[in-house]
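Student: Going by UniProt numbering, the final residue of the sequence shown carries number 130, and the count climbs one at a time with no gaps.
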Amino acid sequence: MADTQYYGTGRRKSSTARVFLRPGSGNIVVNKRPLDVFFGRETARMVVRQPLELVEMTDKFDLYVTVAGGGISGQAGAIRHGITRALMEYDETLRPALRKAGFVTRDARKVERKKVGLHKARKRPQYSKR
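In C-alpha cells form, the structure reads like this:
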C-alpha cells in the first residue's frame with residue numbers, strides 16, 4: 001500500500017466517484033478494471049484524463065476510482081471532478097489552472113422531473129382549438 005495518497009469525491013448528474021491519487025506511473029483503474037476496459041467510448045476516456053493532462057501529471061500518479069450511479073457520461077464527469085479535487089488536495093497551487101478550465105465547479109445540471117399534465121418535463125400535449 002502506498003504511504004501517501006490523496007482523495008477526492010466527484011459528482012455529476014446522479015453519479016458519484018471516489019478517487020484515490022497515489023504516486024505511480026499513470027495507471028487508471030476504475031471499479032477494479034483498467035480505464036480502457038471500463039469506458040468503451042473514447043470521449044469518456046478523454047474526459048477522465050483532462051485534469052491530469054492540463055497539469056501535465058499523466059505519468060506521475062496512479063488512480064484508483066470507485067464510481068456508482070448514472071450512465072457513461074455522468075460517471076466520466078464525476079471521475080473528472082474527483083480527480084480535480086484530489087489534485088487540489090495534493091497541490092493547492094494547481095487550483096487556478098483547474099478553475100480556469102472549468103473542472104473545479106460541480107456541474108449542477110440534473111434531469112428535470114416530469115410534471116403532471118405534461119408528456120415530459122416541459123413538453124405539453126398538442127393543443128386542439130375545437
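From the three backbone atoms N, C-alpha and C, an ideal C-beta is built for every residue, glycine too. From a predicted model like this one, the values you see are computed outputs, not experimental measurements.
Of all the alpha helix (DSSP H) runs that stay within the bounds of the region 54 to 89, which reach a length of 4 or more residues?
Tutor: Taking only runs of at least 4 residues, no alpha helix (DSSP H) segment lies wholly in the region 54 to 89.
Student: Residue range of the beta strand (DSSP E) that residue 30 falls in?
Tutor: Segment 28 to 30, the beta strand (DSSP E) holding residue 30.
Student: In angstroms with no decimal places, state the Cα-to-Cα distance between residue 14 and residue 73.
Tutor: Taking the straight line joining both Cα atoms gives about 10 angstroms.
Student: Checking 8 angstroms against the spacing of the C-beta atoms, do residue 89 and residue 6 come in under that value?
Tutor: A contact, by the Cβ cut-off of 8 angstroms.
Student: Cβ atoms of residue 28 and residue 51: under 8 angstroms apart, would you say?
Tutor: No, these two residues do not count as a Cβ contact at 8 angstroms.
Student: If you count every other CB in all the chains shown that lies within 10 Å of the CB of residue 26, and 16 or more means buried, which is it?
Tutor: It counts as exposed.
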